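Numbering (the working numbering) for the sequence shown: 1 to 153.
For each residue, glycine too, the CB sits at the ideal point set by N, CA and C.
In this text the structure is predicted, and so the values were computed from the model without any measurement.
Working notes, structure below.
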Amino acid sequence: MVEDPYRRSTDAEPASPPAAVNGGRPVGQRLARGLWVHWETARNGDRVQVRVTGEIDLDAAGPLDEALERALDASRSGLDVDLSGVSFCNSTGLNTLLRLRATAHHGGRDVVLTAASEVVRRLLVLTDTLDLFAPAPAPDGGAGRPEGDLAPP
């Protein structure tokens, strides 16, 4: 097996899932070694907020895909995904996100990235896919939901 020189892996595992999204009570789950996901439904039940923390690699992609699909199923209009805690993500993670986006759009929903680590942001910029996860414009022509730290540089 060839070691990926760009991957920074640690043996340290968090003792528990990261803090709750927006201070609410999370539904947290360890998906794979080094990868946590937790999500909560917004107060109005319209959108689900998801926070992914850790490394998205080949071993984690399947469980992550399943967890994100469950979160999408719990939403009426889509997901707001925070990837600011992701320390590694390659094309496997990108394919997971693109598949999720396609499923959401097929059901009339969307997937918006509200935050991304530098690793994820770089991957999305290099593959010219960052705009695919931006919030849709508001019906009145405004900017729609805030973009968080994904606004263009």
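Using only the alpha-carbon positions, how far apart do residue i and residue j sit?
i, j, result
"T103", "V125", "22 Å"
"R76", "L64", "20 Å"
"L83", "V112", "11 Å"
"L100", "G54", "19 Å"
"V86", "R122", "12 Å"
"H106", "L72", "12 Å"
"D155", "V119", "Lying before the first or after the last residue shown, residue 155 is absent from the chain, which here runs from 1 to 153."
"V48", "R70", "10 Å"
"V37", "D131", "23 Å"
"L58", "G93", "8 Å"
"D116", "S91", "What sits at residue 116 in the sequence shown is Ala, not Asp. Distance between the alpha carbons of A116 and S91 is about 15 Å."
"F88", "E66", "19 Å"
What residue range does the beta strand (DSSP E) around residue i cover?
i, result
"T114", "D110 to A116"
"T53", "R47 to I56"
Taking 6 Å as the limit between beta carbons, can you name the residues of its chain near residue i, skipping five residues before and five after?
i, result
"D128", "none"
"R109", "S77 and G78"
"L68", "L100"
"V50", "W39, A71, L79 and V81"
Can you name, in chain order, every residue of its own chain whose Cβ lies under 8 Å from the Cβ of residue i, other than the five neighbours on each side?
i, result
"F133", "V81, L97, R101, V111, V112, L113, L124 and L150"
"N95", "A61"
At 4 residues or longer, what runs of the alpha helix (DSSP H) sit wholly inside the stretch 58 to 118?
58 to 73 and 91 to 106
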